[in-house]
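Notes follow the structure.
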Amino acid sequence: MQVTGITSDLGYLRTAIVNLFFFGTPGAGDRNWVLVDAGMPGYGGAIRREAARRFGEDARPLAIILTHGHFDHVGALGTLADRWRVPIYAHQLELPYLTGQAAYPPPDPTVGGGMAASSVLFPRGPFDFRPLVRMLPEDGTVPGMDGWRWIHTPGHTPGHVSLFRETDRTLIAGDAFVTTRQESLLAALTQRPEMHGPPAYFTPDWPAARESVEGLAELEPEIAATGHGRPMRGYAMREALKLLARDFDRLAVPPGGRYLKRPPAGPQDLSSPPAGIRRPAAAAIGLALAVVTGALVLRGRR
312 MQVTGITSDL
322 GYLRTAIVNL
332 FFFGTPGAGD
342 RNWVLVDAGM
352 PGYGGAIRRE
362 AARRFGEDAR
372 PLAIILTHGH
382 FDHVGALGTL
392 ADRWRVPIYA
402 HQLELPYLTG
412 QAAYPPPDPT
422 VGGGMAASSV
432 LFPRGPFDFR
442 PLVRMLPEDG
452 TVPGMDGWRW
462 IHTPGHTPGH
472 VSLFRETDRT
482 LIAGDAFVTT
492 RQESLLAALT
502 QRPEMHGPPA
512 YFTPDWPAAR
522 ESVEGLAELE
532 PEIAATGHGR
542 PMRGYAMREA
552 LKLLARDFDR
562 LAVPPGGRYL
572 KRPPAGPQDL
582 SSPPAGIRRP
592 AAAAIGLALA
602 VVTGALVLRG
612 RR
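Just so we're on the same page, this note's numbering is the position in the sequence shown counted from 1, plus 311.
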């Protein structure tokens, strides 16, 4: 596994089923680059090796920026934080989930697909990265990423953010939308390209998710790099994103599910599982996912 270039100063690394991003000029050296998201558990060593290969031996980032705090985006964060001791930035509304105060809402395994069925086994916190985690600047700037701004894109999580650079219209969307059908285990592993809404099994606020996609489509990005799937670019990508925004309810919102009527209002809504979930089936799919992911982790460590 190695970093794949997107622009001259932006590359992505796939960790099993999710992408993270390296921002900075190759060879920039210590504290002259930024990590966006932290991938799956077990990939801390691989991330450090790729950082050393790209920026120089023992090169630490200036900061780590989180699009959000789901387990597949912070999986290696504890290991990296212990080694690098650099600030971790997230939106204010995401901080309770990153400072041990709250767990994310339960996933919705009823939305269809192998990944969705296994989502009941995914950790949802609370995660605690104190004392390094802090709030993104209120003025929209991104620490260590000159020329970029963060955009609040809630729906997938309350404090989800996307990052945008106007000069070349490069968008790091996070999971506000993705470029593969993440609910499908096969698509998640093969990254079969498809403009798609946020992963449905972990999206509790569909009205907010719709507004976020509409806002990102209005940016008319030239490049869209997402948390799941390969980067897309150009006219065809923009048209697909506009279609997703225009027809979001049909293309992204599942026909049924626990969060269709209303998003969770708070922790008091987060405890009851949906009816009709067959946990043995979910466990079997989850075990299969764990085996495949484990193989990918081992391959990534080589």
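Just so you know, even glycine gets a beta-carbon here, dropped at the ideal spot from N, CA and C.
The three-state reading of DSSP puts leucine 554 in helix, counting H, G and I together.
For isoleucine 534, no alpha helix (DSSP H) encloses it; the enclosing beta strand (DSSP E) starts and ends at 534-537.
Excluding the 5 residues flanking it on each side, arginine 541 has same chain C-beta neighbours closer than 8 angstroms at Thr490, Thr491, Gln502 and Pro504, in chain order. Contact between the region 550-563 and the region 524-542 is present, with at least three C-beta pairs closer than 8 angstroms.
The shortest CA-to-CA distance from methionine 446 to any of Pro465, Gly545, Leu409 and Thr537 is the one to Leu409. Per the coordinates, the alpha-carbon of isoleucine 375 lies some 7 angstroms from the alpha-carbon of valine 397. Between proline 352 and tyrosine 400 a beta carbon distance of about 21 angstroms is seen, past the 8 angstroms cut, so the two are scored as non-contacting.
Taking valine 564 as the centre and dropping the five residues before and after it, the same chain places the C-beta of Trp517 closer than 6 angstroms to its C-beta, in chain order.
Of all alpha-carbon atoms in Gly389, Ser430, Glu494 and Thr514, the one lying nearest the alpha-carbon of proline 442 is that of Gly389.
Contact between leucine 496 and glycine 425 holds, since their C-beta atoms are separated by about 3 angstroms, short of 8 angstroms. Distance from the CA atom of arginine 561 to the CA atom of alanine 327, rounded to whole angstroms, is 29 angstroms. Excluding sequence positions up to five before and after glycine 567, its CB lies within less than 7 angstroms of the CB of Thr421, all in the same chain and listed in chain order. Inter-residue distance for proline 575 and histidine 381 is about 16 angstroms (C-alpha atoms, whole angstroms). Excluding its 5 nearest sequence neighbours in each direction, proline 469 has C-beta neighbours in its own chain below 6 angstroms: Leu404, listed in chain order.
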